[in-house]
Structure formats: C-alpha cells, structure tokens
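J.: One structure, pasted below without further comment.
6 protein chains.
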Amino acid sequence: MTTRKDLRGLDELRPVTITPRWQEAGEGSCLVEFGKTRVLCTASFTEGVPRWKQGSGEGWVTAEYAMLPRATDSRNQRESVKGKIGGRTHEISRLIGRSLRAVVDMSKLGENAIVLDCDVLQADGGTRTASITGAYVALALAVEWAMKNKILKESPIIDTVSAISVGIVDGTPMLDLPYEEDVRADTDMNVVVTGSGTFVEVQGTAEGGAFNRDELNELLDLALKGCADLTELQKAALS
Amino acid sequence: MTTRKDLRGLDELRPVTITPRWQEAGEGSCLVEFGKTRVLCTASFTEGVPRWKQGSGEGWVTAEYAMLPRATDSRNQRESVKGKIGGRTHEISRLIGRSLRAVVDMSKLGENAIVLDCDVLQADGGTRTASITGAYVALALAVEWAMKNKILKESPIIDTVSAISVGIVDGTPMLDLPYEEDVRADTDMNVVVTGSGTFVEVQGTAEGGAFNRDELNELLDLALKGCADLTELQKAALS
Amino acid sequence: MTTRKDLRGLDELRPVTITPRWQEAGEGSCLVEFGKTRVLCTASFTEGVPRWKQGSGEGWVTAEYAMLPRATDSRNQRESVKGKIGGRTHEISRLIGRSLRAVVDMSKLGENAIVLDCDVLQADGGTRTASITGAYVALALAVEWAMKNKILKESPIIDTVSAISVGIVDGTPMLDLPYEEDVRADTDMNVVVTGSGTFVEVQGTAEGGAFNRDELNELLDLALKGCADLTELQKAALS
Amino acid sequence: MTTRKDLRGLDELRPVTITPRWQEAGEGSCLVEFGKTRVLCTASFTEGVPRWKQGSGEGWVTAEYAMLPRATDSRNQRESVKGKIGGRTHEISRLIGRSLRAVVDMSKLGENAIVLDCDVLQADGGTRTASITGAYVALALAVEWAMKNKILKESPIIDTVSAISVGIVDGTPMLDLPYEEDVRADTDMNVVVTGSGTFVEVQGTAEGGAFNRDELNELLDLALKGCADLTELQKAALS
Amino acid sequence: MTTRKDLRGLDELRPVTITPRWQEAGEGSCLVEFGKTRVLCTASFTEGVPRWKQGSGEGWVTAEYAMLPRATDSRNQRESVKGKIGGRTHEISRLIGRSLRAVVDMSKLGENAIVLDCDVLQADGGTRTASITGAYVALALAVEWAMKNKILKESPIIDTVSAISVGIVDGTPMLDLPYEEDVRADTDMNVVVTGSGTFVEVQGTAEGGAFNRDELNELLDLALKGCADLTELQKAALS
Amino acid sequence: MTTRKDLRGLDELRPVTITPRWQEAGEGSCLVEFGKTRVLCTASFTEGVPRWKQGSGEGWVTAEYAMLPRATDSRNQRESVKGKIGGRTHEISRLIGRSLRAVVDMSKLGENAIVLDCDVLQADGGTRTASITGAYVALALAVEWAMKNKILKESPIIDTVSAISVGIVDGTPMLDLPYEEDVRADTDMNVVVTGSGTFVEVQGTAEGGAFNRDELNELLDLALKGCADLTELQKAALS
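Line by line, the protein sequences give chains A, B, C, D, E and F.
When you line the first sequence up against our numbering, it's residues 5 to 243, in that order.
When you line the second sequence up against our numbering, it's residues 5 to 243, in that order.
When you line the third sequence up against our numbering, it's residues 5 to 243, in that order.
When you line the fourth sequence up against our numbering, it's residues 5 to 243, in that order.
When you line the fifth sequence up against our numbering, it's residues 5 to 243, in that order.
When you line the sixth sequence up against our numbering, it's residues 5 to 243, in that order.
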C-alpha cells in the first residue's frame, strides 16, 4: 500500500485555510493556504470595461497570476526584471480567468470589470488550484461589496467554483499533490469544478507514460471529491 | 438532427492532407491541412542539447508555434512587432512540445535536440491539433534522416501521436471543429492520443456552461475515433 | 568563361513561378518562387488609414517582411522570441513598402490601407527581390478585389514594379544570385524597376573591393533585362 | 497645535510589527508592518557572487523592491506586464541595497551573495523605510542560518540599520508619514541610520517650497529618534 | 594637509563654463562644462501638457538624462540597444526634473510643457550636478523665448537653482569631485540649492563607513558655498 | 534657373567643418559639421573581437548611429525610452559600418575591434553622409593611436572614404541637400565613395516618380565631385 509522506489518505486534501479580507486594499481578498502553498488573492472591482466590451452591456472578469521570486526553494528571477512574462504564468493567468468567468453572468455584472490578482507568496505544489479556489472567495467578496455600495443590484454569480490537482504517483492515483509528489507523478491533472459538480476545466497531462481511460476515470472521481470538500470550505469562509 | 455546414458526419474528420518533405530546408518537414487550416511543420535536428541537459546523456524535443499575420480573416499584428509573445502562443507551443516528448525515448535520442516549428499559414480552427499531427510526421522524418546519416543508431520514437479537437455545439458533441463551429461551441476539448490509443493530453474547457461526466465521455469517444483515423493518415504519409 | 553551377546564362533568371491566390485569406495573395527561394505574399486591404494620414484623402501602402526560423540551412531564432526585430528585417520591410508606394497613386486609393506581408518560407538568395515582385501581384489582386467590391472606383496602380539582384562574382557581373553566389560576390546590387523601365531603387554595395562606373553600368543593364522578364511573368500571373 | 489624524505625537512611530520567519522559504524572512504598510522581506543566501566580484574574496548584498498591483487604493499595472521596471522601483531597490551593504563587511561574507526581496503587500506610505528596516532583520536571520550551517564562521554584520521617513506637513516637522500626510508634505525626507546613530543615507526633497537649514536639522533630530526606536524593535524581533 | 591632484582648494569648483545657445535646435540650450565633464542641455517648449495635467491650468517640467556610449573611459552599451533604461539613468532624470520644478510656478506656466534633455557628451564626475546647473540655464532661455513669442505673459521662474557634489575623501570634506576623487570617497553627497540659499534636494550616501552629524554639516557648508558660485556663473551666462 | 536658398551652386557642398579630437574620451574622435548638421563621431578601439570572429586572426569594425531627441525641429522620443531601435536607425548604423569596413584590411587590424559612435547633435539633412565622413576621421585617429601604442604595427586602412547626398529637386539634380531641399526631392541618393573615386555604396530612391538612366548618371557625377572635395577636407583635418 502507498503511504504518503504526510500520512494523508489518497483522497484527502492537505490542511486548507481560507482567511477572507486578509488585505484592506482590494474590494475583496483572501489568503488561501493548501498546506505550505500560500496565495494572496485580491479582487479589484472597477466601473467600466475593456474597449472591446464597451457598449455590450456586459462586464468582464480576468486574472493575473504571479509568484514572488523566493516563493520556491531556490530564488527565481522576477518576470519584471526579465522584461517578459513566461509561458507558464500566461497559461495559469488565462486558466484562472476562464474558470471564474464560467460562474459569472456577464450581463448581470453590467459594464464593470473585476481583476483577480493571485500572488503566490509560498509555493509547494497546487498553486494554480489554490489560486482558483481563493480567487472565487475574493470575487464573491467584491460582488458583496458592490451590492452593498449599490453598484450591482443583484449578484452575477451563478455558482461557486474551486479546483484541485490529482495525479498518478508510483502507479497510484491521489489527490492534491505537494511539490514532492508532483515531480514524481506520471500523470498530472488539474480539474476545475463548480459547486454543482460539473466540470469547467479538465487538464490532464502525461508527464511520464500515457494514461488510459480507467486511470482518467479514477482521477476524475478523486477530483470531484476534493472539490466538493473545497466548496464547503469556501462557503464557511464566506459566511 | 444536427447537420453540419459541410455535411460531414458528427464523427468525421475534415479532408486531411499531409504532404511530407514540402520544404527542402529542415531535416524533416510536412505541410498538413485539416480542411482550410494549413500548417507548415519543420523539424530541425541539431547535435547538442540545452545547457540544463548537458551531460545527462539524454536529448530534448521542443516546439514553437506561430501564426502568420494574415492566416485569419482579419490581419493580426506580428508578435515580433509587438515585441512579445502572447499567452495563447506560449500555451500552444508548450502543448506541442509535451505531446511529442511523450512518444520519444530521450535516452535513445542521445544528446541531440529536435525543434519543431509549426507555422500556421492559414487558420480555420484546429490549428493546434493539426500542428501536433503534422509535427509528429516532421519529427519522424528528421529521425529517419538522423539514422540514415548515422547520427542515431536506433529510433527513439516509441509510439505515434496525433491530436484532434472535439466540442459540444448546439448541444451536440462533434469531431474536428472548423472556426465557424468552434466559436459556437459550449464545450471545447483538445485531445492528444498515441497510436496505441492512450491519452497524452486531455484539455476540456467549458466556454459556455459547465459540462457533465456523460458529455465528457462522449467527447472522449469521438476524439479516440478521430485520432485513430489520423494515425492511419500519418502512416500513409510516412510510408 | 564563367560557368554557373546551374548552367544558367549570366543574364538569365532562375526558374520563376508566381502562383496567384495561393491563400484564401487575404484580399490578394501569391506564392512566388525564384529557384528555391519561396515567399508567401499576402495583401490585407482595410478601410481607414494610420492616424497621421487621416483627413488627407489619401491612402497608405506598407509592408512587413519576415523569415520562418528554418527557411535557411540552419535554424535562426524567431524575432518574436528575441523580442525585437533585427536591422535587416526592418531595412527590407521599408524597402518593399517604398517600392510599392512608387507605383500607387495615393489619392486614388482614398483613405484605405494595404499591408503587404512577405513571409519567406524558404530562402536561397534574392528574398527581398522575390518579395517585391510577389508583393506587386498580391497588391494588384487586392486592388482588383476592392474594385469588384465597389470600394475603389478606379485602380490607383499607375505602373507595375519588380526587383532583381545582380552582382559581380569572381569578376563577372551576373543576374539573380542564389545564396551560393551571393556570399562570394564582391559587389551586390538590388534594383527595383517599374514596368516602364525606370528606376525606383538602386542599392549597390561593395562587399569586397569598391566598384567602378563601368561595372555599375554593366550591373544596371543586367538588372533592367531581368526586371523586363519579371514584368512579363507578373502580367501572365495576373491575366 | 497640529493634531495628526491618528492622534500620534509628532515624534511617534506608527504601530510597528516585525514577524520574523513569516515565510518558510528563504534563508531569512520577516513580515514588517508600519501601520497599514505591510512588506514581506525575504533573504536568499547563495554561494557564489556575480561575475564582476569573482576572485575578489568578497561577497555581495543586493535588493529588489516591488509592489503587488493592488497594494494601493487603486490597482496599478504589473511591471512584468508592462515589460519594464519603473524609475521609482529601480531607485528604491538601489537604496535598500546600499543601505544594507553599509552594515556588512564584504570580506567576512566571503564569496557569497545575499539577495533581499522586499515585496509590498499593502502600501500606506513609508514602504521604502519599512523595507530597509525589515530587510535588515531578514539579512540577520540569513546570516544566522549560514553560521548554523557552517557556511560562515563569523558574522559579517558590523552594525544594525533601520530607516524612517520624516516630513514637514502644514509647516510642522513630523515622523513616519502615512500616505495621507505624505501627499500633503512640503518637504519629505528618508533617513537611513545605523544602530550606532550614524547616517547611511539622507535623502531630503522639497516637494513644495525649498527648506532651510533649521528645518533640515529638526527633521534629522526626528529621524534619529525614530530610528533609535526601530533599532529596539529589530533587536526584540531577533532575540 | 590634503592636496588635490589639480591643486584646487577644498572649497573650490573646477573651471566651469556655460555656453548658452550652443544649439540652434531647442527653445533654449547650453553646453555646460565642469572640468572635463561636458553636458549638452536642451529645453523643448511645447504647448499642451501630459493627459493627467489637462484642464488643470498648470504646466509641467520634466527632464531626461542620458550619456553617450563613449562619454567615459571605456565604452558602455547604449540603453536603446539594451532595450531598457537603467536604474541610475532613471534616478538622475527624476532628480533633475524635481529640481527644476522646485523653481517654477506651474500655474504661471499655463498648460505648457518644458522637457529638459541633458546629454552627457563627456563624463568626469558630477554629471548630475552639471546637468541641473545647465538645465536651469536652458530652461531660463526657453522661458525667455516663450515670453518674446507672447506664449507666456510673465515668467514662471521664481528662483534660480544649481547643484554641486561634495564628499569626504581620505577623511577630508571637499567640493566638486571629479571621477578620480569620487571613486575614493567614503561619503558622497549631491546638494541642490536655490539662488536664495535654501535646499531643494540633499542626497548623502555613505559609500564606505557611515557619516556623523558634524561631517554632514561640513559637507552642507561646502555645498552652499559652491552653489553660490554657480549661481553667479548662471547669471553671467544669461545676461 | 534654379536658385538654392543659400545661394550655393548646384554642385557645391555646404560649409563643412571637421574638428578632430573634439572629445578627450575615445581613441579617436571628431565633430563634423555639414552646414547646420552636426555629428559627434567617436572611435572606441578595443582588443578582442566578437565571438564569431575569434580565432580568425581578423578584426572587426562596426558603427552605431543615433540622434539626440532635440536634434531636429521638434522633439522626438528617445529610442531608449521607447525600448527599441527604429528601422531608420538600424539601417543607417549598418550603412556606416559597411562603408568603413570597405577601406579596412581586417587581417592587418588583427583581432581588434573598432566601434564608431555617430551621435547627431543637430540635424539638418545629410546626417548619414556627415556621419560616414566624420567616422572615417575618427577611425583614422584611432588607428594612429593604436600604432603609437604599438598595438598595430602597420595601418590597416587601405583608402579613405566619404559620403554625400544628391537629389533631384524641382527637376534639377543638386549636391548635398539640407532638410528643406530633402523633403522636396523627387529622387534622393546617398553615395559612398573612396578616395580613389570608386563606389562603396550607391543608394538611390525614388520618393516621387521613378528616375531614368540619364538622371542617375547626372546624380553620380555630382556625388563623385562632392566626395572628392570631402576627401580633401578629411586629409586637411588629419594632417
């Protein structure tokens, strides 16, 4: 039987903490922690939308992901110093944005924009899934703020959304991989799931050998279980 | 019953053409066409590997995807003129690279590098899947060249790989979406499959509403069927 | 007597092929080949002009030249990856733009813009002259399209234009140099000529020793002969 | 008499908190708070020095300052997205680096480098002075780590260092300005002081009218008092 | 007793030359020389202000500092070639702009902008202080031009401004350091002073050991003396 | 008969001044003036060559051209601020480099590099031809320096080189165009000529209508006359 270093069950999340309103700046914010992974999520609500949305009567939600240089074990050069954003950063920013847009009714948002900044303060695997999970909380708080301030009449949020990583490590499918398991995984999958249990994104990648249909199904089962747990934690943080 | 504009069956590919050795430059090349989508794939084989692989005894395979400015209906600014590569370009380049590495045994490649350039000359949906499918053919030709020139003793290729898009349009799952169907799709999925029928990548995205487990399964069935057809076309092009 | 590797006469062009409408995208396009040099020329016609031309009643014609990374014998890094456009690319883009503007009556074009994209798919010397020659064909097709679509009442094109390289190799002046001759040339000249036989650009450079007035005259004779031949091929392609 | 909004005395610091080892990543780190200003300071200790120091037997200490996009009241574009670092960021990074180097004996550091990352999570005036004050603590912890791990035999730190802002607001000199006072200040000064009470940097700027010698002296008195208080807080945090 | 290489007294300036209207381009210009340091200062007066000042009724003054690649003993790469401006350049440009704004009444300037370009042709220490001193002269000439051309009714200049470096070399405070003294200085200070003898900027930096209050006072005395001398030279150049 | 504003003959140069050793920095330098056009040319001689020349036993000569922001009638943004070098700058830098390399025997230069910086202080037409003419003088002085310092045994300079602009203005060919004539020219040509009267570069461009063979010949006659005059002035400056 496979035993995980931290003695967790295969379908168990790491200790997850969501601290809402950790920042005073931002219309909504939270500090989200999946084990040692720690992400500061801040929502900026602004009236007005990008040019290509003007006159549409609809709003826009977007996200920017970044990592502090010493979030990881060894220091990485800042992307501002390099003068360009890497492919991985772009990819994750786009994923977070799409995931949140899937649960927002843009016409109810009106011509307003919400930017979610997800800054990884410390990274130990699962930074993109923690970001999505925390960004949802920051988004919900920003919407709450906008309603309290009479900018929005009704909430444009139509469902909750969270995300988790799953993977096959040493032949065994397991939930919520820290860095140490992530690098050893043959298959790595990030799954974004709504509160109702439907899929927003499924991104599975064979890092070692290709994976078959049965393995895919086992991984999806684990992810649905993990996201159901996260949904409860989001609700608790917002209540 | 849903009828497609081009009268194709729901599980049918567009006319696919693979013209091997379309270019004289490059150790391997092909022009791949999925309907009106037309991608020039060129493999550059060079002795030596990037610094972080030196001394490992292993090779490296990577890819760069790009689109000509007027590949699409209206002209896009060149990324060289903008001075930076967009998120979408980065994301697709990384996907192509990962997909090909999944079927190459890096230790058999020795300390050699293969770069796959996938330049979209004309775009009508499915440019990333056409790129992967064509890049495999260019890669195989470059390996053939290296064996003929005694740089490689045996082929490091352990399986074939191809890719196809599937999506749910107006509630109906269908295979290989051209641009016109792609923009209308609620769910859009790109699937990368080996010749043996196992998965290398599964990337499903809810563009409209989230999708459920049954829909996911129908899409995977279609994709496996499409990739099996592409595998045959790749074999024909290489024989 | 000097014999050329491909047994051509000193005043003879390489086999030249112009395939009009090679692309479906673009208001005009052609694939032009000078021997192994192969350039895809696409014209994008858009209503409106750059800000500094607005209100002038006049149009604008500009060009962008680029080379695929593996157009040449060894792979070059993409300019989009480098994050900047090199001096040579800039210089050739500007030359193509000026050459085409010389045969367009900007007031008859009205406040419309035409961008010519010249993408070198394969390079074997003479890429800038092939680009100008092909860009003219793409431009003419775009104008034809604009007249058919009642955007233009009359053609703003006042003459045809083509270009050819000439050079002194091993002391002998010769026409249309492939890469192998180009690198050995002492003097290298690119000449842009209208259908009426007048000069638009004359760019002669001493790569080895300086050249005298007689040599200059011999080179100009060759260039005028070559461009007269290209003019015929352009007409045939457009008829 | 001038009363400050938060009822502080003119020579009183805002509530200052220094939380050492707030991060697990980094050889030293602290979260430093001056009122609502909150900066995460992390020290990365690496063996080896930049090229221009190699073979000198000496080490190097440098710093990078940055602000999260929503540290402030309204969101700023990320410098990584802009593709370049602004003048203010450069200026502050250089100031922090110089300040810390003033208290390190580079020959005792040996050929080792310490990078101090100061990331402003929330900004309410005084971010550069909080950064220097916190960076010293992170530096001291990193040196402690290096001694515990036998990389350094003796501490290269020769004094402590802290910094504070002072300014003339409505004609009155005062200590440690929050944003609201800072924008109203006629003269603004940042002073970096060692634990022994000598100056490392004195940067005074007339934002409104120029200032005279007496005013300069009053500001320096306040700064020396404030830095003496900060020195005590640094000692407490490190003990 | 300390003897300076050029036998100057400790409180003596290097030979200073200000040649007004050295350039025909520019609404005001001068070539300023502090010993071998030689800076071309040019003022560009334009009607209109940056967007964030529009409608304020106020003007704007800003500066850009740069150095020719071979201003110094060995050649430096151009910042235009590097593709970015270094921290030092940014810092000095900002300092020059602030210094000049301190002596301009923005409401009397009306919605007009003045840009001061300070290009260092030859550098031998003190380039920033020579730039400020010369930029003031160029500014005054540009204001004179604007009044002669009836763009301004009255002068917005409320005082003169000049700047000088002071430092402690081998334990001795001295005025106006050339490069050779600057690199040996323990403490280095740049002081910007108005014609009335009040401070606009005081920037003191301990390069070696920290400095105490007495040393600071001695340096300020020297700087006030030096700037009084420069004020006379500015007046002479403008009369 | 055409009369020029400055009453010059059609084949007459503007007043040309060459001040050798205008700068102390640089192994060679001069300030060259063609009328109001004023360029500072500085040669930097360094031992060693770029990587691609190492081991060849040959040297390298290259050039960088730039313009101060207010060299012209209205201010241009700095290329360092834009973050990239424009096409025109690139083109002229390359032209200057090629022109000088044509008169240098690279094997006699040994593995040494000379960089020519041509910084336009004031621009009134003909900046590229003044740059080439002045750069030759700076180069010759740098070679003189290297011989005096025993770095070179014999001079690698095999001929002198100068350049001049010619053009057809209002139907009349004329020499050395200032800005005011340049913008009105139908045909504009820059010609680079050796001291022996042979061509290094001929760059003719039809700005208005195309030009014929007779016009080309008249322009070349003028250019040869003008460069012969410049050659005399270069000799005088160097003696």
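Ideal Cβ placement from N, Cα and C applies to all residues, glycine included.
So with Cβ pairs under 9 Å, would you call residue 136/E a contact of chain D?
T.: It does not; no Cβ of chain D falls within 9 Å.
J.: Looking at chain F, is there any beta carbon in it that lies within less than 9 Å of the beta carbon of residue 229/C?
T.: For residue 229/C, the answer is no, since every Cβ of chain F falls outside 9 Å of its Cβ.
J.: Which residue wins for smallest C-alpha separation from residue 19/A, given the options 135/A, 78/A, 180/A, 92/A?
T.: Answer by Cα proximity: 180/A.
J.: Does residue 81/B come out as helix, strand or coil in the three-state DSSP assignment?
T.: Three-state DSSP puts residue 81/B in coil, outside helix and strand.
J.: Output yes if chain F places a C-beta closer than 9 Å to the C-beta of residue 79/C; else output no.
T.: By this cut-off, residue 79/C is not an interface position.
J.: Looking at residue 202/F: is its Cβ nearer than 9 Å to the Cβ of residue 215/C?
T.: Yes, the pair counts as a contact, with Cβ atoms nearer than the cut-off.
J.: What does the alpha-carbon distance come out to for the pair residue 135/E and residue 123/F?
T.: About 19 Å.
J.: Can you give me the Cβ contacts of residue 65/C inside the same chain, cut-off strictly under 6 Å, excluding the 5 residues immediately before and after it?
T.: Taken in chain order, the residues that qualify are 104, 105, 108, 118.
J.: Would a C-beta distance cut-off of 9 Å place residue 160/E and residue 219/E closer than the cut-off?
T.: No, the Cβ-Cβ distance between residue 160/E and residue 219/E is not below 9 Å.
J.: By Cβ distance, which residues of its chain are closer than 7 Å to residue 189/E, with the 5 residues on each side in sequence left out?
T.: Counting only Cβ-Cβ distances below 7 Å, and skipping sequence neighbours, we find 171, 172, 173, 181, 211.
J.: Just to confirm, is the Cβ distance from residue 83/C to residue 209/F under 9 Å?
T.: Their beta carbons are not under 9 Å apart, which means residue 83/C does not touch residue 209/F by this criterion.
J.: Return the first residue and the last residue of the beta strand (DSSP E) that residue 248/D is part of.
T.: Past the boundaries of the shown model lies residue 248/D; chain D is included only from 5 to 243, so the question cannot be answered.
J.: Which ranges would you report for the beta strand (DSSP E) in the region 54-119 of chain F if only whole runs of at least 3 residues count?
T.: Correct list: 64-71.
J.: Since residue 195/E and residue 167/E should fall inside the 8 Å C-beta cutoff, what is the C-beta to C-beta distance between them, to a whole number of angstroms?
T.: That pair is a contact at about 7 Å.
J.: Go ahead and label residue 60/F buried or exposed: buried means 16 or more other beta carbons lie within 10 angstroms of its beta carbon, across all protein chains shown.
T.: The residue in question, residue 60/F, is exposed, as its Cβ has fewer than 16 Cβ neighbours within 10 Å.
J.: Which residue's Cα is closest to the Cα of residue 138/C: 62/C, 68/C, 15/C?
T.: Nearest of 62/C, 68/C, 15/C to residue 138/C, Cα basis: 68/C.
J.: Kindly confirm or deny that the region 85-104 of chain E and the region 85-103 of chain D touch, where touching means at least three C-beta pairs closer than 8 Å.
T.: Result yes; three or more Cβ-Cβ pairs closer than 8 Å.
J.: Strictly under 9 Å for the Cβ-Cβ distance: is residue 86/B near chain A by that measure?
T.: No, no contact with chain A.
J.: If you draw a straight line from the alpha carbon of residue 223/A to that of residue 232/A, how long is it in whole angstroms?
T.: Distance between the alpha carbons of residue 223/A and residue 232/A is about 14 Å.
J.: Within 9 Å (strictly less), CB to CB, does residue 163/F reach chain C?
T.: Answer yes: the Cβ-Cβ gap between residue 163/F and chain C drops below 9 Å somewhere.
J.: Kindly list, in the order they appear in chain D, the residues whose Cβ is closer than 9 Å to that of residue 213/A.
T.: Simply none; closest approach about 32 Å.
J.: I want to see whether chain C comes within less than 9 Å of residue 240/F, judged by CB atoms only; does it?
T.: Answer no: the Cβ-Cβ gap between residue 240/F and chain C never drops below 9 Å.
J.: What first and last residue would you give for the beta strand (DSSP E) that runs through residue 226/C?
T.: Not the beta strand (DSSP E): residue 226/C falls in the alpha helix (DSSP H), residues 217-242.
J.: Identify the contact partners of residue 17/E in chain D, using a Cβ-Cβ distance below 8 Å as the criterion.
T.: Residues of chain D passing the Cβ test: none, with the nearest at roughly 21 Å.
J.: In terms of residue numbering, what span does the beta strand (DSSP E) encompassing residue 211/B cover?
T.: Premise fails: residue 211/B is in no beta strand (DSSP E) and is neither H nor E.
J.: What residues from chain D crowd round residue 28/A, counting only those whose CB sits closer than 8 Å?
T.: Those are 40, 126, listed as they occur along chain D.
J.: Here's the rule: buried if 16 or more other CB atoms are within 10 angstroms of the residue's CB, otherwise exposed. What is residue 7/F?
T.: With fewer than 16 other Cβ atoms within 10 Å, it is exposed.
J.: Taking beta-carbon pairs under 7 Å, can you tell me which members of the region 197-210 of chain D lie near chain E?
T.: Listed by position, the residues of the region 197-210 of chain D near chain E (Cβ gap below 7 Å) are 198, 202, 203, 204, 205, 206, 207, 208, 209, 210.
J.: Quick one: using the 10 Å Cβ neighbour count with 16 as the cut-off for buried, is residue 28/D buried or exposed?
T.: Per the 10 Å Cβ criterion, exposed.
J.: Determine the DSSP secondary structure at residue 16/D, reduced to helix, strand or coil.
T.: Note: residue 16/D maps to coil in three-state DSSP.
J.: Taking 6 Å as the limit between beta carbons, can you name the residues of its chain near residue 241/E, skipping five residues before and five after?
T.: Within the same chain, residue 241/E has close Cβ partners 22, 24, 141.
J.: Given a cut-off of 9 Å, decide if residue 30/F and residue 74/E are closer than it, judged by their beta-carbon atoms.
T.: A contact, by the Cβ cut-off of 9 Å.
J.: Would you mind sorting residue 185/A into buried or exposed? The rule is 16 or more other CB atoms within 10 Å of its CB.
T.: Residue 185/A is buried by the Cβ-count criterion.
J.: For residue 37/B, count neighbouring Cβ atoms within 10 angstroms of its own Cβ and tell me buried if that reaches 16, exposed if not.
T.: The residue is buried, with at least 16 neighbouring Cβ atoms inside 10 Å.
J.: Would a C-beta distance cut-off of 9 Å place residue 113/F and residue 45/F closer than the cut-off?
T.: No, the Cβ-Cβ distance between residue 113/F and residue 45/F is not below 9 Å.
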